[in-house]
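Colleague:
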Amino acid sequence: MGGPVWRLGLVLSLVVQAACASAGVRAARAARARTPLAARALAGVAPAVETGAAPARLADRTWNWKSYNVRYQAAGEGNAGPSVLLVHGFGGNADHWRDNTAALASAGLRVFAIDLLGYGKSDKPPPLDMGAACGEVRRGGVVSGTDRHPLGSGYNFYTWADQLNDFVAEVVADTRGVLCVCNSVGGVAGLQAALDNREAIRGVFLLDPSLRMLHVRRQNPLQVPLTSALQTMLRETPLGLAFFDAVATPRAVGNVLRQAYGVSARVDDELVDAILTPGRSPGAARVFLDFISYSGGPLPEDLVERLDGEKNPVWVAWGQEDPWEPFAQGQKYADFPAVRRFIPLPGVGHCPQDEAPERINELVREFAAEVFGSF
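Going left to right, the sequence shown walks through residues -21 to -1, 1 to 354 as mature numbering (1 follows the signal peptide of the UniProt record, and there is no 0) numbers them.
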């Protein structure tokens, strides 16, 4: 895959081409979108493909958090079983769990799927204008050094962890606590939420969690200035918006996602549209460019290491064909005391919940039974 500077260099190359191309050069845009960097930038976005009859869409609901509207879906709220919170990855939303939410509810669980602030149909406020909703601000001087967002943006894992914990308290409202099932960067938010509130987040199930390869602690110190310069160029010049515009098309996203999926047949038009429609809403491009500049904050292994597996167990399932978060690197998570089970997923790529939904649903039921007992 190469180092982080190599990947950002490819992005920059794509951006320059996009800025110079006319709006009608669709073929050039499609070629740019097929590069590994375009795929890397959209890691966590993942559409699905039909598996027979399409399941009925769940109704969208809105929860007001810190004056912002947050969209979520729910199923099985009246069930007696444990509560499960599904957390999407970068660029995704609650629709990415289309073959999980209702299916898990039919097994007796109370299931909620949320759009993180800045994604899906949730509000997308300016990154530097979020006030007390910013998790780093709410923590005062506790967050420092490389744990901080380098730009002071409100789109950080502390903000999303606060959002998850407040949602659990106000909407899920289950005195037994909840299990977080998280894909990609959603896993870092779920782990941080568990550390912040160990009574409420009873366990975390990670599906191909993001390894955060652009984090400053992952980089060679000599590479940091160049990486930062490239990130600044993408974020603060028209080149970044040109790049976003180049990849924010149905054809480009479809090509990108087929690279991410080990089960490429699962990519269909319905969910590509479900991802792209909110991705084209006001503010979405700014969130996208802000996040690819997020080279600080917590690393997943730091968070897992601090959890107590007896009180807050962690399960990890990893697609062996994941091109973005390689299985060989993911295997190290099996060695952490908090990780009670590590499950390889042969033939599966970056988004197991969508590529192998029946298997993931089965594992979630097993995890719930381990944490809460039979239901």
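Cβ atoms here follow ideal geometry from the backbone N, Cα and C, with glycine treated the same way.
Quick check on Glu115: buried or exposed, where buried means 16 or more other Cβ atoms within 10 Å of its Cβ?
Modeller: By the neighbour-count rule (16 or more Cβ atoms within 10 Å), Glu115 is buried.
Colleague: Between Ala140 and Ser46, is the Cβ-Cβ spacing less than 9 Å?
Modeller: Cβ atoms of Ala140 and Ser46: not closer than 9 Å.
Colleague: Identify every residue that forms a DSSP beta bridge with Pro161.
Modeller: According to the sequence displayed, residue 161 carries Cys and not Pro. According to DSSP, which records beta bridges pairwise, Cys161 is partnered with Val66, Leu185.
Colleague: Candidates Phe267, Ala54, Asp333: which alpha carbon is nearest Gly241's?
Modeller: It is Asp333 whose Cα lies nearest to the Cα of Gly241.
Colleague: My assumption, with CB atoms under 8 Å, is that His67 sits in contact with Ala73. Please give the rounded CB distance.
Modeller: Contact flag correct, Cβ pair sits at about 7 Å.
Colleague: In the DSSP assignment, what residue or residues form a beta bridge with Gly233?
Modeller: Gly233 pairs with nothing; no bridge assigned.
Colleague: For Gln198 and Gly87, what's the separation of their Cα atoms in angstroms?
Modeller: Each residue's Cα considered, the two are about 45 Å apart.
Colleague: When you compare the CB of Cys161 with every CB in chain D, is at least one pair closer than 9 Å?
Modeller: Among the chains of the structure shown, chain D does not appear; only one protein chain is present.
Colleague: Considering only the alpha carbon of each residue, which of Tyr273, Pro323, Trp294 lies closest to Ala307?
Modeller: Minimum Cα distance to Ala307 is reached at Pro323.
Colleague: Whose C-alpha, out of Ser132, Leu186, Gly57, Arg89, is nearest the C-alpha of Val266?
Modeller: With distances taken between Cα atoms, Val266 lies closest to Ser132.
Colleague: From the DSSP output, in three-state form, read off Val251 for me.
Modeller: Reduced to three states, the DSSP call for Val251 is helix.
Colleague: Tell me which residue opens and which closes the alpha helix (DSSP H) that Ala263 is part of.
Modeller: Note, Ala263: alpha helix (DSSP H), 263 to 270.
Colleague: For Gly219 and Gln202, I'd like the C-alpha separation in whole angstroms.
Modeller: If I take the Cα positions, the gap works out to 20 Å.
Colleague: If we ignore side chains and look at the alpha-carbon of each, how far apart do Leu83 and Pro200 end up?
Modeller: So the alpha carbons of these two residues sit roughly 45 Å apart.
Colleague: Do Arg127 and Gly326 have their C-beta atoms closer together than 9 Å?
Modeller: Going by C-beta atoms, Arg127 is not nearer than 9 Å to Gly326.
Colleague: Hey, could you find the ends of the beta strand (DSSP E) Leu47 is sitting in?
Modeller: It should be noted that the sequence gives Tyr, not Leu, for residue 47. Segment 47 to 54, the beta strand (DSSP E) holding Tyr47.
Colleague: Distance, Cα to Cα, Val350 vs Val157?
Modeller: Computed Cα separation, rounded: 10 Å.
Colleague: Check Arg320 in the structure and name its three-state DSSP category.
Modeller: Strand, per DSSP.
Colleague: Please tell me whether Gly97 and Tyr51 are closer than 9 Å, where the distance is taken between their beta carbons.
Modeller: No, Cβ-Cβ distance for Gly97 and Tyr51 is not below 9 Å.
Colleague: Would you say Val90 and Gly57 are within 9 Å of each other, going by their C-beta atoms?
Modeller: The answer is no: Cβ separation not under 9 Å.
Colleague: What's the gap between the Cα of Phe222 and the Cα of Thr216?
Modeller: Their Cα atoms are separated by approximately 11 Å.
Colleague: Count the other CB atoms within 10 Å of the CB of Asn176; is the residue buried (16 or more) or exposed (fewer)?
Modeller: The residue in question, Asn176, is buried, as its Cβ has 16 or more Cβ neighbours within 10 Å.
Colleague: Determine, using beta carbons only, whether Leu278 and Arg196 come nearer to each other than 9 Å.
Modeller: In contact: Leu278 and Arg196 (Cβ atoms closer than 9 Å).
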